[in-house]
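One structure is given below, encoded as structure tokens.
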Ligand code: PHE
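Residue numbers (the numbering used here): 1 to 447.
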């Protein structure tokens with residue numbers, strides 16, 4: 001086994017983990033699924049899922065990764081001190097990474113297109129219908145979508161080849177805080193818009209009549225997606241951690257940062273929706289129709305559009321990198337090929353799979369994999385609704401029931417924490433999180 005490098009310090013680890021968590025899931029997906037599921041009640045369930053299911057599993061996944069110091073398959077062998085049957089959880093994670101990155105990169109491609117549009121000042125002075133026309137034009141072009149998807153995969157490939165500390169850390173330190181500042185600026189602006197109050201009511205006033213069983217499953221699935229949980233990204237990053245890190249504190253702050261960013265993005269987007277009388281439930285198009293409306297007012301708005309789409313692109317890349325890293329670090333430790341060759345092969349196969357999603361809004365728009373789901377929808381639902389919750393459930397059970405509790409206790413109580421933390425952590429992973437996932441999934445399947 002090759003020697004593993006480590007993060008240069010706690011702050012670097014924190015930034016890359018936040019980089020993985022914060023991405024299109026927060027800015028593009030959270031607002032649109034909140035919109036489709038009626039707002040407040042969905043957001044409440046989502047927040048509960050983050051706190052009660054996501055965070056305990058986050059700690060479990062970090063712990064499994066850090067103790068194993070290996071790729072997400074072998075880590076289970078290390079922890080069980082034998083060829084573990086649980087290593088299929090790792091294989092499942094690699095499958096999830098493939099599926100997620102394939103459509104994630106297509107959306108990343110849309111962001112590249114919008115970034116280029118902003119560089120060309122294409123939003124300035126445009127009307128609402130011009131703006132929705134722009135997106136439809138992109139959607140109807142297979143060539144454009146495939147090319148942008150390829151560019152996105154290529155940049156992801158380049159960063160991963162650059163190595164973990166050099167490639168990811170350096171840029172995260174500058175661009176993640178820059179993104180936060182820009183989002184804060186947009187948030188402050190949205191407070192001054194007439195739609196701000198309605199946006200708060202929509203997002204935070206729960207109307208339980210709007211909540212469906214599949215909406216509840218969407219909320220639990222999204223809590224995994226947004227935290228990069230249940231497929232080994234966090235495990236892989238955890239495996240580069242030194243053993244002195246306080247995992248509970250780390251998980252808490254990453255979850256908090258991720259949630260605050262999603263909520264801020266939601267408030268900004270719905271303030272625009274209600275100010276301009278747009279449709280809250282317009283689906284994956286929501287972000288691309290709302291923000292450009294705001295940016296279209298004048299040249300200054302267009303400069304804002306450049307920074308916004310540039311930084312969202314960066315946030316998406318720090319997430320896509322963590323997805324590719326999972327695949328690469330597995331094959332790196334299991335084959336004799338060079339890292340560059342492995343990364344290239346993985347990126348290329350994911351790119352090929354992603355073509356199906358890129359064609360889902362044009363040539364294959366009438367092709368349904370199952371019940372009205374195009375390839376794009378199918379890959380999205382397959383990963384968020386099933387693969388990630390299943391991966392998370394298995395990790396929780398492994399952590400809670402298979403590992404030696406005394407050993408975990410020693411490590412966690414090493415930090416100046418109360419017994420209560422430890423108790424909550426173990427029992428959430430043993431009972432609460434697995435049960436919640438099972439109930440929500442079964443409830444949605446049989447409803
Ligand atoms: N968490 C990322 C986002 O919100 C997506 C992601 C999912 C990244 C799973 C890694 C693993 O955009």
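Cβ coordinates follow ideal geometry from the N, Cα and C atoms, glycine included. Keep in mind that this is a model prediction, so the values were computed, not measured.
Residue i, buried or exposed, once every other Cβ within 10 Å from all chains shown has been counted against 16
i           : result
residue 66  : buried
residue 266 : buried
residue 426 : buried
residue 292 : buried
residue 238 : buried
residue 1   : Since pLDDT at residue 1 reaches only 45, below the 50 mark, its modelled position is unreliable, and the value read off the structure follows with that caveat. Exposed.
residue 208 : exposed
residue 471 : Coverage of the chain is limited to positions 1 through 447, which leaves residue 471 absent and any answer about it impossible.
residue 16  : buried
residue 340 : exposed
residue 253 : exposed
residue 194 : exposed
residue 113 : buried
residue 356 : buried
residue 91  : exposed
Residue j beta carbon less than 9 Å from that of residue i
i           : j           : result
residue 231 : residue 160 : no
residue 61  : residue 234 : yes
residue 384 : residue 221 : yes
residue 56  : residue 316 : no
residue 329 : residue 105 : no
residue 263 : residue 272 : no
residue 287 : residue 37  : no
residue 354 : residue 51  : no
residue 59  : residue 398 : no
residue 217 : residue 440 : yes
residue 22  : residue 318 : yes
residue 109 : residue 179 : no
residue 183 : residue 268 : yes
residue 212 : residue 12  : no
residue 276 : residue 128 : yes
residue 496 : residue 396 : Outside the modelled stretch of the chain, which goes from 1 to 447, sits residue 496, for which no answer is possible.
residue 343 : residue 363 : no
Check: residue i C-beta below 8 Å from any heavy atom of ligand 2
i          : result
residue 50 : What this structure holds is ligand 1, not ligand 2.
Integer-rounded CB distance, given that residue j should sit under 8 Å from residue i
i           : j           : result
residue 139 : residue 361 : 4 Å
residue 366 : residue 103 : Incorrect: roughly 18 Å between the Cβ atoms, too far for contact.
residue 70  : residue 245 : Contact flag wrong, Cβ pair sits at about 17 Å.
residue 258 : residue 26  : 6 Å
residue 391 : residue 93  : 6 Å
residue 19  : residue 176 : 6 Å
residue 34  : residue 203 : 6 Å
residue 347 : residue 42  : Going by Cβ atoms, the distance from residue 347 to residue 42 rounds to 34 Å, so no, they are not a contact pair.
heavy atom of ligand 1 below 8 Å from residue i C-beta
i           : result
residue 17  : no
residue 330 : no
residue 13  : no
residue 23  : yes
residue 231 : yes
residue 226 : yes
residue 347 : no
residue 402 : no
residue 316 : yes
Problem - Segments of 4+ residues assigned as alpha helix (DSSP H) that fall wholly inside the stretch 389–439 - result: 405–414 and 419–427
Handout entry: Runs of alpha helix (DSSP H) lying entirely within the stretch 243–330, each at least 4 residues, in chain order
Key = 247–275 and 286–295
Exercise for the section: Starting from the N-terminal side, write out each stretch of the alpha helix (DSSP H) that is 4 residues or longer and does not extend beyond the stretch 153–225. Expected result: 170–191 and 196–204
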